[in-house]
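Residue numbers (this note's numbering): 1332 to 1725. Below is one structure, written out as structure tokens, with a few remarks after it.
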């Protein structure tokens, strides 16, 4: 099966021209964002101490109900600092779900710690807590210091924190929550990103809320955020001249991008509502199709960043890759779930606790156009195209 990122012909530079390609999760920006950017531009304050960045941090913190927020240049930068502040470094290990984007594992390697991969739950794609329990026990027996467990909220659905948090607390291991995909999601009334000791968000171009590039670190731990803030500003000491006692990073978010983020935050609820409505339509379409299901369905707290359909070829009579190829001929972008980290050449030699679930999800799933910027006509076109495929493969 062809497991590439299936982009419309116009976008990937081949095949017939498509005048109206449908992308997976395009940015949802318009006049509101333009007005916020112009206001920030005309104010003439482009330094990190300008008013926009501080206001954006306070507004995100208030939105998710956390004490402190730190705007950063990317979600990856936020992960790097989060791991440093909980003690990840040479001689330690960090447990990472194998079903995730490379940035999650890469941030671990930046600290000098070693990633140890763990497989996922078949129903949600999130970290398998039963497998984690066994893994933490084996790491302890081997005398390894576990600096953190990195949980990833896949497609906007939160991990099983009712079980994960007590497990980690009992072993003294902090949870770093990678909520890059999950801003606006909730778990038992609490916001994604606020469930571990420290959490992060991504504002890259394809997220529910975007600043084109950027991220944020959030925590109720004031000292932790202060340390991250210090490291994010080249670790400059608070003296008139340039003084540095630590190796720091140039990780602060641009004030102009912070202005864009403030505009997006004002529209976040409406953007999530559109994604949820689109997921409902996909769920209705596939409900009568044998051998298919929506990954992580049934969670009212999910922001529905991406909707992924999982296909059992033996029951459905077709493969996810076949649907992807059909969509791309109609100018519709799709992609498989993440290729597991233990299958990536760069991490192939890392230790991993596996059940085969992540491998199966990668081979049998397809993420469908899910963006709030999709027009009604584009949504209808995607659904019609899928319906045509299903009719041909009955």
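Cβ atoms here follow ideal geometry from the backbone N, Cα and C, with glycine treated the same way.
{"Item": "Top-ranked residue by Cα proximity to residue 1612, from 1471, 1714, 1378", "Value": "1714"}
{"Item": "Per-residue burial, residue 1364 [other beta carbons within 10 Å of its own, 16 or more giving buried]", "Value": "buried"}
{"Item": "Delimiting residues of the alpha helix (DSSP H) encompassing residue 1492", "Value": "1492-1502"}
{"Item": "Contacting residues, own chain, Cβ-Cβ under 6 Å from residue 1466 (five flanking each side not counted)", "Value": "1449, 1684"}
{"Item": "Terminal residues of the alpha helix (DSSP H) in which residue 1614 lies", "Value": "1599-1617"}
{"Item": "Buried versus exposed call for residue 1722 [16 or more other C-beta atoms within 10 Å across all chains shown]", "Value": "exposed"}
{"Item": "Validate contact between the segment 1362-1378 and the segment 1574-1594 using beta carbons, cut 8 Å, 3 pairs", "Value": "yes"}
{"Item": "Backbone secondary structure at residue 1547 - three-state DSSP", "Value": "strand"}
{"Item": "Boundaries of the beta strand (DSSP E) in which residue 1697 is found, first to last residue", "Value": "1696-1699"}
{"Item": "Enclosing beta strand (DSSP E) for residue 1508 [first to last residue]", "Value": "1506-1509"}
{"Item": "Candidates 1681, 1652, 1656, of which the one nearest residue 1693 by Cα", "Value": "1652"}
{"Item": "8 Å contact criterion, which residue 1515 and residue 1634 should meet: CB distance rounded", "Value": "4 Å"}
{"Item": "8 Å contact criterion, which residue 1662 and residue 1353 should meet: CB distance rounded", "Value": "6 Å"}
{"Item": "Alpha carbon of residue 1642 to alpha carbon of residue 1690, nearest angstrom", "Value": "13 Å"}
{"Item": "Environment of residue 1417 [buried if 16+ CB atoms lie within 10 Å]", "Value": "buried"}
{"Item": "Exposure label - residue 1573; buried when at least 16 CB within 10 Å", "Value": "exposed"}
{"Item": "Beta-bridge partners of residue 1479, as assigned by DSSP", "Value": "1425"}
{"Item": "Cα-Cα separation between residue 1717 and residue 1724, rounded to whole angstroms", "Value": "11 Å"}
{"Item": "Neighbourhood of residue 1453 by C-beta distance below 7 Å, restricted to the same chain and skipping five residues each side", "Value": "1688"}
{"Item": "Rounded straight-line distance, which links the Cα of residue 1410 to that of residue 1549", "Value": "11 Å"}
{"Item": "Buried/exposed call for residue 1369, threshold 16 Cβ in 10 Å", "Value": "exposed"}
{"Item": "Residue 1513 in three-state terms, based on DSSP", "Value": "coil"}
{"Item": "Straight-line gap, residue 1555 to residue 1530 (C-alpha atoms, nearest Å)", "Value": "11 Å"}
{"Item": "Per-residue DSSP class, three states only, for residue 1665", "Value": "strand"}
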